[in-house]
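> One structure coming up, written as C-alpha cells, with questions to follow.
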Amino acid sequence: MLTNKSTFLLLLPLTAIVAVFFLYPLGLIVFNSVNDGDWTLRGYEALFQSRLIAKVLQNTFEISVGATLISLALGYPIAMHLARQTPKWRAFYMILVMLPFWTSILVKSFALAIILGENGLINNFLGLFFGPDFFIPMMFNRVGVFVGMVNYLLPFMILPILTSLMAQDPALRKAAEIMGAGPARIFLSITLPQSLTGIMAGVLMNLVLSLGMYITPALLGGRKDVMMANLIDFYTRKTLDWQLASAIAVSLLVISIILAAFLQRSRSRGAAL
Amino acid sequence: MSDKLTPGGLARLYRLSGGSVAIVGYLFLILPSIVVIPISFGGHGELTFPPRTFSWDLYTDFFTDPAWWGTAVQSLKVAALTTALAVILAAPASYALVRGNFPGKQTLSLILLSPILIPLIVLGLGLYLQFAALGIVGSTLSLVLAHVVLVTPFVIVSISSGLRHIDPTLERAAMIMGAGHATIFFRVVFPQIRASIAVGALFAFLISFDEVIVAYFISGADTMTLPVKMFSAIRWEISPVIAAVSTLLTALSLVFCVVIMFLQKQDNGSSQ
C-alpha cells in the first residue's frame, strides 16, 4: 500500500537528523580516538597502561555489577508484590515506581544528599541516640554511590520482571499448590524459571545504564568512586585530551553495544516464547 | 476444600517477608521525591529537616532570580521545540516502519531506536567535538537537534504501538474510496492514535526538560538549561533554592506520570 517512494520520503527527514547528529558524532569519536592530526594508538595504549584508568575501569565494573545485583535483590520482591495486587492497588503502587522513574536524577541526587549527608536526615536521627558528634559517612563514598545508583536503577529492573511475572499463567501455581508444593518449591520451580527473561532484560538494562553513569558518582561519590563517564568528562574539559577521552568513550560504546545486543536477543527470545 | 489451599503458616511468613521487602523498596523509591517538599518551604539558611519555619522565600527566589528563572525558560523553550520537532519527524517515520515493507527495515529501525541504549556521555562528547569543530558550541538549535535524536526513540515506540493496535483495512478502504495520503493520515489514522502521540509527546518533553549530560557538554553560558544550572548548583553551592526547584520538578513529574498512565490505560481499553 505504501509505495517505495512515499516510504522513503516519510523516513528521510528523521534518518537525516539521526545521521548528522547521532551517527556522525559517534564516528567522530572513533576517528578522534585514533587520530590527533596523525594516526596513533596512544589513546588505547594509555587505556591499558595508565594506573588511573585501570583503577577507574575497576571502579566502573565493581559499582555497575554491585548496583545491578542490589537492584535485582530489591526489585524482584517489588515486582512480585506488584504482580499479585488487584488492578486498582497495582495502579497505586505503580505510581510509587513510576514517579521516581520520571523524576529528574538531579532531584533524586539532591534529596539523597539531604538524607545521607553528615548533617542529613539519617545522621541527625542517629545523633539523638549517640550524641551530636556521631555520624556514619554515607556521602562522597561508595555507600552514597550505591544508594544513588540503586535508587535510579530500580524501576528499570522492576518493569521487565513485572511484565514476565504478569505473563505467567496463575493456574500453573494453583495446580502446584493443589498437588502439595510449598511456597518455596512453587517459587523455585515455576515463578523464578518463568521470569528469567524478565530478569535478563532487567539486569542487562541496569548494566548498560550503570556503566555510563555520570551524575550519581559526580554528586554522591568521592575521589575513589570515579567512573568511566566522569573520566571522559575530566579528559574532555579539564585536560583537553580529546584523544584519550575518545578512546575511553569508544570502549564504553563498544561494551554498551555488546550488552544492548544481548538485550535485544533476550527480548526477541522472550517474545517468541 | 482442604486446608492446603489456604496459605499455611509458612506460606504466610514467606509472603509477609517478600511483602515487607517490597514496602521498604517503595519507601526507598519514593522518599527522595518527598523529602524535598518540606525543605522547600523552610526558607533560607541551613538545609534542615524538618524545617523550623514556613515560608515561600525559596520559590520567590526561584521565580525572580534570572540565573534560575532564565534557565527554566530556556529549558521550557528547548523542551517545547524538541517535542514539536520529534513528533513531526517520528510520526511519519513510525508509519513507514510499521506499515511499510522494504529491504533494510530491521536495520534502520534498530539505528533509529539505538539512541536509547547509547550512554549519554558518549553522545555528549561526540556532539561536543562536532560543534567545537564547527565553532557552534552553545546554540539553542544545536541543543534542540541533539535532544530530538535522544527523544525520538520514545516517540517512535509509543506511536508504533498505537499503529499496531489499529486496523489497517480502514486506511485501505479510505484509499480505495479515493482519499489522498494527507486525508488518510489526518482523518483516519490520527484520530485513532491520538493518545499514543500524546504519550510520545509527553515522554519527549519530560526527557528533554530533565536532560543534563548532553546539555552540560554542548550548552553555553547564554543557553544554559535548568538541569545544567541545577547540576552545578548541587555540586558547588548547595543553594537552598534547589529544594524549591526540586519540588516543582517532582510536581511536574507527578502530573506527567499520572497523565501518561491514564492515556496508556485509555489506549489499551479502546484497542481491546
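Protein chains in written order, with the working numbering: chain A, 1 to 273; chain B, 1001 to 1272. The beta-carbon is built from N, C-alpha and C at its ideal position, and this holds for glycine as well.
1) Measuring only the C-alpha atoms, how far is F134/A from T197/A?
2) Of the residues G1180/B, P1191/B, V1151/B and R1052/B, which one's Cα is nearest the Cα of A1079/B?
3) Taking the beta carbon of Y275/A as the centre, do at least 16 other beta carbons fall within 10 Å, making it buried, or is it exposed?
4) By DSSP, does S1055/B sit in helix, in strand, or in coil?
5) Counting only the same chain and skipping the five closest in sequence on each side, list residues whose C-beta sits under 7 Å from that of L1081/B.
6) What in chain A is Cβ-close to L1030/B, meaning under 7 Å?
7) Output, in sequence order along the chain, the residues in the stretch 209-242 of chain A whose CB is closer than 9 Å to any CB in chain B.
8) With distance defined between alpha-carbon atoms, name the residue in M166/A, A175/A, G180/A and L153/A nearest to V65/A.
9) Around the Cβ of A272/A, are there at least 16 other Cβ atoms within 10 angstroms (buried) or fewer (exposed)?
10) Please classify S256/A: does DSSP put it in a helix, a strand, or coil?
11) Who are the neighbours of Y93/A on chain B, taking C-beta pairs under 7 Å?
12) Can you look up N141/A in the DSSP assignment and give me helix, strand or coil?
13) Report buried or exposed for N1101/B, applying the criterion of at least 16 other Cβ atoms within 10 angstroms of its Cβ.
14) Find the residues of chain A that neighbour S1253/B, judging by a C-beta separation of less than 7 Å, and give them in chain order.
15) Which of the three DSSP states, helix, strand or coil, is assigned to S1219/B?
16) Beta-carbon separation of R90/A and L99/A under 8 Å?
17) Got a sec, what are the start and stop residues for the alpha helix (DSSP H) L219/A sits in?
18) Mapping the DSSP letters down to three states, classify G127/A as helix, strand or coil.
19) How would you list, in chain order, the residues of chain B whose beta-carbon sits under 9 Å from the beta-carbon of G182/A?
20) With a threshold of 8 Å, are at least 3 pairs of Cβ atoms found where one atom belongs to the stretch 33-44 of chain A and the other to the stretch 236-249 of chain A?
21) What does the Cβ neighbour count give for M228/A, buried or exposed, with the cut at 16 atoms within 10 Å?
22) Within its chain, find whatever has a CB closer than 8 Å to the CB of P87/A; leave out the 5 residues flanking it on each side and keep chain order.
23) DSSP state of L1100/B, grouped into three classes?
24) Where does N206/A land, buried or exposed, given buried means 16+ other C-beta within 10 angstroms?
25) Could you confirm whether any beta carbon from chain B is found closer than 8 Å to the beta carbon of V145/A?
26) Does P1240/B come within less than 8 Å of chain A when only Cβ atoms are used?
27) Kindly confirm or deny that the stretch 1035-1042 of chain B and the stretch 1006-1023 of chain B touch, where touching means at least three C-beta pairs closer than 8 Å.
28) Taking any Cβ of chain A, which residues in the stretch 1163-1174 of chain B have a Cβ under 8 Å from it, in chain order?
29) Taking 8 Å as the cut-off, decide whether the C-beta atoms of L1120/B and G212/A are in contact.
30) Is the shortest distance between the beta-carbon of K281/A and the beta-carbons of chain B less than 8 Å?
31) Give me the Cα-Cα distance between D1222/B and W1069/B, rounded to the nearest whole angstrom.
32) For H1044/B, count neighbouring C-beta atoms within 10 Å of its own C-beta (all shown protein chains included) and say buried if the count is 16 or more, exposed if not.
33) With which residues is G1138/B paired in a DSSP beta bridge?
34) Counting beta carbon pairs with one atom in the stretch 1146-1165 of chain B and one in the stretch 1083-1098 of chain B, are three or more of them shorter than 8 Å?
35) Listed in chain order, which residues of the stretch 1175-1190 of chain B have Cβ atoms closer than 9 Å to some Cβ of chain A?
36) Taking Cβ positions only, does I1118/B come closer than 8 Å to chain A?
Let me lay it out:
1) 45 Å
2) V1151/B
3) This structure gives no information on residue 275/A, because the portion of chain A shown stretches from 1 to 273.
4) coil
5) V1144
6) Sequence check: residue 1030/B is Ile here, not Leu. Those are L96, L99 and P100, listed as they occur along chain A.
7) L209, L211, G212, M213, Y214, I215, A218, L219, M228, A229, N230, I232, D233, T236, R237 and W242
8) L153/A
9) Caution applies to A272/A, whose pLDDT of 46 falls short of 50 and renders its modelled position unreliable; the model cannot decide the point.
10) helix
11) Y1026
12) coil
13) exposed
14) L99, W102 and T103
15) strand
16) no
17) I215 to L220
18) helix
19) G1008, L1010, A1011 and Y1014
20) yes
21) buried
22) none
23) The displayed chain sequence assigns Gly, not Leu, to residue 1100/B. Reduced to three states, the DSSP call for G1100/B is coil.
24) buried
25) no
26) no
27) no
28) P1168, E1171 and R1172
29) yes
30) This structure gives no information on residue 281/A, because the portion of chain A shown stretches from 1 to 273.
31) 13 Å
32) exposed
33) S1219/B
34) yes
35) M1175 and H1181
36) yes
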